[in-house]
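What follows is a single structure, written as structure tokens, with notes after it.
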Amino acid sequence: MKAAIVTIGDEILIGQIVDTNSAFIAKSLDRIGVEIHEMISINDNKQHILNTFLEFQNKVDLVVITGGLGPTKDDITKKTFCDYFDDELVINEEVLRNVTQIIEGFYKRKITQINKDQALVPSKCTVLHNKVGTAPGMWMKKENTVFVSLPGVPFEMKYLVENEIIPKIVIEYKR
1379 MKAAIVTIGD EILIGQIVDT NSAFIAKSLD RIGVEIHEMI SINDNKQHIL
1429 NTFLEFQNKV DLVVITGGLG PTKDDITKKT FCDYFDDELV INEEVLRNVT
1479 QIIEGFYKRK ITQINKDQAL VPSKCTVLHN KVGTAPGMWM KKENTVFVSL
1529 PGVPFEMKYL VENEIIPKIV IEYKR
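The opening residue of the sequence shown carries number 1379 in this note's numbering; numbering runs sequentially from there.
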């Protein structure tokens, strides 16, 4: 199995944040025998993201994407996923319950529409449930390539890699 790792975020490209996610993902995938074909960082631009998806489709078996899943205007990965997969965003009730529990239970704040929007996911995706944060991961396949989108927050990304992605790859793709 060959993989590409894509980090999305202007903050990475201008040096405001150091990308540690790619190294963690690469080590985790390498440990189970997945060959890392390429790692790149791109900006928060819809067309650039779509072009990157197109570039890797059928070139690798797995594309792991981090970043752009938050509630701010520059977080466009979910909407871009929908465009690429000809899909629409829908509320996932389990994710909404998790977001509500974190915001109201842990942070003791009233949940806002921006918080609720974290539960929007493409209708055709397999949701990767994030028990340590509000942004779920998304697993989708197009032709011969699996695309996995993860939050850019390192501890949330690590949780999803260790508890969702690696076990799923081992079960479904490794013999």
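All residues carry an ideal CB built from backbone N, CA and C; glycine is no exception.
Keep in mind the model is a prediction, meaning the values are calculated, not measured.
E1542 and L1498 do not touch by the CB rule: their CB atoms are close to 19 Å apart, not below 8 Å. Looking at M1535, R1409, E1540, the one whose alpha-carbon comes closest to that of T1385 is M1535. Under the three-state reduction of DSSP, V1412 is assigned to coil, being neither helix nor strand. Counting the other Cβ atoms within 10 Å of the Cβ of I1392 gives fewer than 16, which makes it exposed. Between Q1491 and T1512 a beta carbon distance of about 13 Å is seen, past the 8 Å cut, so the two are scored as non-contacting. Secondary structure at V1396: coil, using DSSP grouped into helix, strand and coil. In the DSSP assignment, V1548 falls within the alpha helix (DSSP H) that extends over 1544-1551. Only residues of its own chain outside the window of five on either side were considered, and among them I1383, S1400 have a CB closer than 6 Å to the CB of M1417, listed in chain order. Fully contained in the stretch 1459-1486 are the following beta strand (DSSP E) runs of length 3 or more, in chain order: 1467-1469. In summary, P1500 is buried, with 16 or more beta-carbon neighbours lying within 10 Å of its beta-carbon over all protein chains present. By the CB criterion at 9 Å, N1522 and Q1425 fall outside the cutoff. In this structure, the straight-line span from the alpha carbon of I1481 to that of E1471 is close to 15 Å. Taken through DSSP and simplified to helix, strand or coil, M1535 comes out as helix. Secondary structure at S1406: helix, using DSSP grouped into helix, strand and coil.
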